[in-house]
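Participant: Just so we're aligned, residue 10 is where the sequence shown starts under our numbering, counting upward by one. Even glycine gets a Cβ: it sits at the ideal position worked out from N, Cα and C. Please read all numbers here as calculations on a predicted model, not as lab measurements.
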Amino acid sequence: VFCCSRLAGCEGPRRLPVTLARTTAGRLPLRRWIKGAAVAFAIGVVGVAFMATTPGDDFERRFGLSWLFEVRGPIDAPDDVVVVAIDARTGSHLDLPSLPREWPRSIHARLIRNLERLGASVVVLDMDFQRSRSSAEDAELGAAIERSGRVVLFESLDGKRLPLGQLGNRASNVDEQTYGSVWVEQLIPPVPVLAEAANALGPFPLPKLNEAVYQYWAFKATTDDAATMPAAALQLHALDHYEVFARLMREANIAELKDLPPDARSLTRARPVSAVMRTLRRALKDNPQAVARLTEALHATRDEPLSPRQRQLITALVNLYAGPDTRYLNFYGPPGSVRTLPYHKVIAADEAGDESLPDLAGKIVFVGYSDLYDPGQPDRFYTVFTNEDGVDLSGVEIAATALANLLDDRELRPPDAPTSIAIVLAFGSLVGALVYLLPALVSVPLALVLGVSYGAGVQYLFNVADSWLPLATPLLLQLPLALFLGLLAQYLFERRQERQLTQAISYYLPGSIVADLTRAGGVDPVGLNRSVHATCLATDMAGFTGIAETMSPEHLAAFMNEYFEALSAPLIEHGVDVTEFRADAIMCAWTGLQSDEQLRRDAILAALGTVDAINRFSAETGRGNLSPRIGLETGEVFVGHAGGGGHFVYSIVGACANTASRIEGLNKQLGTQLLASEAVVEGFDWLLCRPLGSFLPIGNQAPVAVVEILALETAASAAQRRLCRRFARSLTLLRNGRRRLAAALLDRILDEFPDDGPARFYRERCSAQWEERLRRDGFVIRLETK
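1. Quick one: Cα of Ser130 to Cα of Leu120, how far?
2. Taking 7 Å as the cut-off, decide whether the C-beta atoms of Ala207 and Leu162 are in contact.
3. If I follow the unbroken alpha helix (DSSP H) through Leu697, where does it start and stop?
4. Using CA coordinates, which residue listed in Leu166, Ala449, Arg159 and Glu155 is at the minimum distance from Gln139?
5. Can you grab the Cα-Cα spacing for the pair Trp807 / Gly45, in whole Å?
6. So, using beta-carbon positions, are Arg699 and Phe736 closer together than 7 Å?
7. Quick check: what's the CA-CA separation for Val183 versus Asp234?
8. Following the continuous alpha helix (DSSP H) through Tyr330, name the residue where it begins and the one where it ends.
9. Assign His796 to one of two classes, buried (16 or more other C-beta atoms within 10 Å of its C-beta) or exposed (fewer than that).
10. Within the same chain, show all residues whose beta-carbon is closer than 8 Å to that of Arg81, passing over the 5 residues directly before and after it, in chain order.
11. With a 10 Å radius around its C-beta and 16 neighbouring C-beta atoms as the bar for buried, classify Val461 as buried or exposed.
12. In whole angstroms, what is the alpha-carbon distance linking Val57 and Thr237?
13. Throw me the rounded Cβ distance for the Thr544 and Pro637 pair, which I believe falls under 8 Å.
14. Only counting runs of 4 or more residues, tell me where the alpha helix (DSSP H) segments fall wholly within the region 80-117, in order along the chain.
15. Compare the Cα-Cα distances from Gly377 to each of His353, Gln195 and Trp42 and report the closest residue.
16. Can you tell me whether Cys545 is helix, strand or coil according to DSSP?
17. Could you check where the beta strand (DSSP E) with Ser143 kicks off and where it finishes?
18. Would you call the CB atoms of Ala325 and Leu245 closer than 7 Å?
19. I need the DSSP call for Val646, collapsed to helix, strand or coil.
20. Determine the closest residue to Arg749 out of Arg734, Glu780 and Pro763, with distance taken between C-alpha atoms.
21. Considering only residues of the same chain and omitting the five flanking positions on each side of Ala227, which have a CB-CB separation below 8 Å?
22. Could you tell me the alpha carbon to alpha carbon distance between Val451 and Gly441, rounded to whole angstroms?
23. Considering only the alpha carbon of each residue, which of Val48, Phe573, Ile639 and Ala301 lies closest to Val620?
24. Can you have a look at Phe493 and say buried or exposed, based on whether 16 or more other CB atoms are within 10 angstroms of its CB?
25. Using DSSP with H/G/I as helix, E/B as strand and the rest coil, what is Gly584?
26. Cβ of Val689 within 7 Å of Cβ of Leu742?
27. What does DSSP give as the partner residues of Leu421 in its beta bridges?
28. Whole angstroms is fine: what's the gap from His102's alpha carbon to Asp96's?
29. Which residues in the same chain as His83 place their Cβ atom closer than 8 Å to its Cβ, once the five residues preceding and following it in sequence are excluded?
30. Whose C-beta lies closer than 7 Å to the C-beta of Ser248 among residues of the same chain, with five residues either side of it excluded?
31. Within this structure, are the beta carbons of Ala408 and Phe375 separated by less than 7 Å?
32. If you check the beta carbons only, do Phe72 and Val222 fall under 7 Å apart?
33. Suppose you measure from the CA of Gly437 to the CA of Thr392; what does that come to, to the nearest Å?
34. Quick one: Cα of Gly151 to Cα of Leu243, how far?
35. Helix, strand or coil for Trp226? Go by DSSP, reduced to three states.
36. So, at 8 Å on beta carbons, what are the nonlocal neighbours of Pro87 in its own chain, with the 5 sequence-adjacent residues on each side left out?
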């Protein structure tokens with residue numbers, strides 16, 4: 010956008026603001042790049058900070074992990090793990106009470122014998138045997154457990170808060186310390202006869218988060234690294250290969266394990282098995298060097314290579330002892346996804362001719378309450394695979410799932426903290442930068458494609474590698490946040506560009522026209538033209554020619570810009586609508602749809618302010634010969650674009666503007682500064698005005714009654730009021746044909762006010778020739794020059 014020429018006052022083309030200029034050239038400014046980088050990094054940091062909070066962690070599980078399971082769907086559970094389920098109908102099948110706690114323990118002894126006969130490798134009884142029954146029943150069950158040699162019994166976990174003074178020698182069981190008390194957990198074994206017969210004992214507490222289960226404990230640090238049921242079952246399942254495992258540990262030169270039993274013959278009871286598992290846990294946990302040596306020994310070439318089964322079991326043991334205390338469950342599907350056999354069917358396996366049961370040789374069997382049809386079953390937990398009927402996974406199936414994950418090395422693997430931070434930070438920064446810096450039509454589809462691609466990649470790794478990367482935070486928090494902030498920033502950027510462009514155009518066009526142009530989205534010069542009622546103000550600089558002759562063009566342009574700056578301030582202050590620069594002159598207008606007293610008031614106040622402003626400017630610049638000349642007229646005008654050939658100027662056209670210009674020129678002949686037509690000041694008693702008579706400018710058809718605006722009534726001096734009274738009497742005498750008396754009165758006025766231009770103007774016309782001419786023209790003075 011370039012300014013129209015101001016002739017001698019032109020300062021050349023105005024430059025648009027830097028940001029706007031660069032943007033219009035198709036380049037982003039450096040500051041926007043810096044802001045884009047800051048916003049992108051902030052989105053990444055927000056994601057990282059949110060994930061570090063408890064709500065963020067829960068958000069990732071509830072929405073991210075659940076979605077991954079939902080999309081992946083059920084998968085096949087390993088055949089090595091089986092659930093023997095007690096449900097609401099088992100009692101009736103066996104002619105027993107409906108509640109398992111009322112059953113004789115001989116029925117469980119019979120089950121263990123049948124599972125042993127069917128070849129089960131390990132039997133895990135997820136049942137509460139803390140209360141003693143008859144000694145005969147307890148002895149029968151204990152004998153069956155001892156004869157099997159591979160039974161894991163449930164060990165309950167009791168926790169309570171104790172004052173520090175009552176802690177005694179249980180300091181190793183401290184879980185947390187708050188306000189002088191500690192949380193103490195204690196393992197409660199089954200009745201002694203069963204605990205002594207069992208090959209392993211273990212609890213199975215499950216951490217609940219908002220009533221849902223996602224994790225389990227492999228080891229419970231608050232109970233001296235006690236192994237839970239799935240971990241104990243895995244160790245018993247691998248006892249046949251204990252000697253191979255011990256040999257590999259010796260080859261790995263793990264000093265902490267030098268006192269381990271050399272073979273499995275001593276590992277037939279719960280206490281030694283528990284001691285060995287604690288030793289292995291403490292040797293391999295947080296000891297990557299030892300794990301690396303053991304893994305190297307596991308894969309070394311030797312004369313007697315390991316079988317695939319040995320390698321699988323030993324690898325599972327290494328991962329068990331070297332891994333974290335808590336692990337994420339890799340669920341196989343809805344209830345019943347782990348192969349489930351009815352309890353009463355296994356009891357019936359000792360009946361002749363029963364061929365309905367599969368071969369359980371080498372299987373790990375979990376026995377517990379699991380009803381696949383009853384939503385109200387006891388020992389149930391909500392998971393991502395709770396079915397539509399509200400049936401949850403039972404605790405025993407979750408324990409079997411945990412063991413299957415350990416056995417097949419398929420527990421979910423979330424990345425470590427640095428990796429998670431890097432992923433979330435990188436995703437948030439990338440999508441934030443895209444949306445902030447690129448146009449919306451490009452950035453939004455690109456950001457969505459990036460989000461879909463990232464989600465598909467996370468899902469693929471989850472499906473094929475059991476790897477759980479952050480999903481909900483990047484896609485449900487960072488992506489929407491990036492789209493919102495990026496699009497908001499682009500909107501604000503566009504608005505700022507529009508404001509800058511509007512400001513640039515407003516240097517040359519009225520504000521209302523600029524608003525019309527920006528709303529229209531294009532320039533239609535004809536559509537913005539209009540006829541309005543206006544009060545026009547024309548002003549010119551007396552003495553401009555003499556100033557122009559003494560200055561170079563560059564200095565003159567700078568001087569004129571300063572002059573126009575001073576002159577424009579009162580115009581803008583009083584809300585001028587249209588301003589048109591014409592060399593050293595200005596034509597401006599206050600416009601409205603109809604005649605309005607306020608338009609005239611604003612124009613008059615602006616004119617008075619302009620006189621004061623230019624007089625101050627003249628004094629400050631040392632240009633005492635500068636004097637403003639202002640003319641005011643009110644009427645109808647045309648405002649709009651005028652021109653052709655693709656070039657237009659915004660102009661004020663009409664008789665009102667022409668008359669204002671002629672009145673402005675009359676100041677030169679009358680020696681005044683501020684003149685107006687009587688129509689402009691009509692009804693304004695707050696002004697001190699001096700009527701100067703009627704004048705017929707060149708080109709006008711009708712004369713114009715002209716007044717000089719001297720001051721506001723409240724600011725007028727006594728001398729000004731006296732001048733107005735005397736001047737009015739002199740004009741009355743002149744009109745009444747009393748020329749000599751009028752001349753004498755004008756002489757007295759000039760004696761007191763020697764610089765009064767109107768008095769001198771009429772004194773020169775107090776002659777017989779002028780009296781006759783005035784009388785002929787009806788006391789209208791015809792102007793012969795503009």
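Facilitator: Walking through what the data contain:
1. Walking along the sequence shown from the start, residue 130 turns up at place 121. Walking along the sequence shown from the start, residue 120 turns up at place 111. Cα to Cα, the separation comes out at about 14 Å.
2. Working through the sequence shown from its first residue, we reach residue 207 at position 198. Working through the sequence shown from its first residue, we reach residue 162 at position 153. Yes. Within cutoff.
3. Locating residue 697 in the sequence shown gives position 688, counting from the first residue. Leu697: not part of any alpha helix (DSSP H); member of the beta strand (DSSP E) spanning Leu696 to Leu705, first to last residue.
4. Within the sequence shown, residue 139 is the residue found at index 130, counting from 1. If we check each option's Cα against that of Gln139, Leu166 comes out closest.
5. The shown model of the chain, from 10 to 795, leaves out residue 807, and the question about it has no answer.
6. To locate residue 699, count along the sequence shown from 1; it is residue 690. To locate residue 736, count along the sequence shown from 1; it is residue 727. Taking C-beta atoms as the reference points, Arg699 and Phe736 count as a pair closer than 7 Å.
7. Residue mapping note: residue 183 aligns to position 174 of the sequence shown, counting from 1. Residue mapping note: residue 234 aligns to position 225 of the sequence shown, counting from 1. Interpretation of Val183 is limited by its pLDDT of 47, a score under 50 that renders its predicted location unreliable; the figure taken from the coordinates is listed afterwards. Taking C-alpha positions only, Val183 is separated from Asp234 by approximately 12 Å.
8. As a first step, residue 330 is located in the sequence shown; it is residue number 321 there, counting from the start. Per DSSP, the unbroken alpha helix (DSSP H) holding Tyr330 starts and ends at Pro317 to Ala331.
9. The displayed coordinates of the chain run from 10 to 795. Any statement about residue 796 would go beyond what the structure contains.
10. Indexing the sequence shown from 1 puts residue 81 at position 72. So the list reads Gln468, Phe471 and Asn472, once near-sequence residues are dropped.
11. For the purposes of this step, residue 461 is identified with residue 452 of the sequence shown, where counting begins at 1. It counts as exposed.
12. Here residue 57 corresponds to residue number 48 of the sequence shown, with the count starting at 1. Here residue 237 corresponds to residue number 228 of the sequence shown, with the count starting at 1. One C-alpha to the other measures close to 33 Å.
13. Looking up residue 544 in the sequence shown gives position 535. Looking up residue 637 in the sequence shown gives position 628. Not quite, the Cβ-Cβ distance comes to about 17 Å (not below 8 Å), so this is no contact.
14. You should have 99-102.
15. As a position in the sequence shown, residue 377 is number 368, starting the count at 1. Residue nearest to Gly377 within the set His353, Gln195 and Trp42 is His353 (criterion: CA-CA distance).
16. Position 536 of the sequence shown holds residue 545. Reduced to three states, the DSSP call for Cys545 is strand.
17. In the sequence shown, residue 143 corresponds to position 134, counting from 1. Note, Ser143: premise wrong, no beta strand (DSSP E); not H, not E.
18. Locating residue 325 in the sequence shown gives position 316, counting from the first residue. Locating residue 245 in the sequence shown gives position 236, counting from the first residue. No, Cβ-Cβ distance for Ala325 and Leu245 is not below 7 Å.
19. Locating residue 646 in the sequence shown gives position 637, counting from the first residue. Strand at Val646.
20. Numbered from 1 along the sequence shown, position 740 holds the residue referred to as residue 749. Cα-wise, what sits closest to Arg749 is Glu780.
21. What you label residue 227 is simply residue 218 of the sequence shown in a count that begins at 1. Cβ within range, chain order: Ala236, Thr237, Pro239, Ala240, Leu329, Gly332, Pro333, Asp334, Thr335, Arg336, Ala411 and Leu415.
22. Here residue 451 is taken as the residue at index 442 of the sequence shown, counted from 1. Here residue 441 is taken as the residue at index 432 of the sequence shown, counted from 1. Taking the straight line joining both Cα atoms gives about 13 Å.
23. What you label residue 620 is simply residue 611 of the sequence shown in a count that begins at 1. Looking only at Val48, Phe573, Ile639 and Ala301, the smallest Cα-Cα distance to Val620 is reached by Ile639.
24. In the sequence shown, counting from the first residue as 1, residue 493 sits at position 484. Phe493 should be labelled exposed.
25. For the purposes of this step, residue 584 is taken as residue 575 along the sequence shown, with counting starting at 1. DSSP places Gly584 in coil when its eight states are reduced to three.
26. On the sequence shown, position 680 is the one that residue 689 refers to. On the sequence shown, position 733 is the one that residue 742 refers to. The Cβ atoms of Val689 and Leu742 do not sit closer than 7 Å to each other.
27. Locating residue 421 in the sequence shown gives position 412, where the first residue counts as 1. According to the DSSP secondary-structure assignment, Leu421 is paired through a beta bridge with Tyr337.
28. Taking the sequence shown and counting its residues from 1, the one referred to as residue 102 is at position 93. Taking the sequence shown and counting its residues from 1, the one referred to as residue 96 is at position 87. Going by C-alpha positions, His102 is about 10 Å away from Asp96.
29. By 1-based counting over the sequence shown, the position of residue 83 is 74. Looking at the sequence itself, residue 83 is Pro, so the reference to His does not match. Closer than 8 Å at the Cβ level, and outside the excluded window around Pro83, lie Tyr341, Gly342, Pro343, Ser346 and Phe394.
30. As a position in the sequence shown, residue 248 is number 239, starting the count at 1. According to the sequence provided, residue 248 is Leu. The question's Ser does not apply to it. Closer than 7 Å at Cβ, skipping near neighbours: Ala273 and Leu276.
31. The residue labelled residue 408 in the question sits at position 399 within the sequence shown. The residue labelled residue 375 in the question sits at position 366 within the sequence shown. For Ala408 and Phe375, yes; Cβs fall inside 7 Å.
32. Start at 1 with the first residue of the sequence shown, and residue 72 comes out as number 63. Start at 1 with the first residue of the sequence shown, and residue 222 comes out as number 213. Taking a C-beta distance under 7 Å as the contact criterion, Phe72 and Val222 do not qualify as a contact pair.
33. Position 428 of the sequence shown holds residue 437. Position 383 of the sequence shown holds residue 392. CA-CA distance, Gly437 to Thr392, rounds to 30 Å.
34. Working through the sequence shown from its first residue, we reach residue 151 at position 142. Working through the sequence shown from its first residue, we reach residue 243 at position 234. Cα-Cα distance, rounded: 22 Å.
35. For the purposes of this step, residue 226 is taken as the residue at position 217 of the sequence shown. If DSSP states are grouped into helix, strand and coil, Trp226 belongs with the strands.
36. Locating residue 87 in the sequence shown gives position 78, counting from the first residue. Cβ-Cβ distances below 8 Å link Pro87 to Ala413, Leu416 and Asp417 in the same chain, with the five nearest sequence neighbours on each side left out; the list follows chain order.
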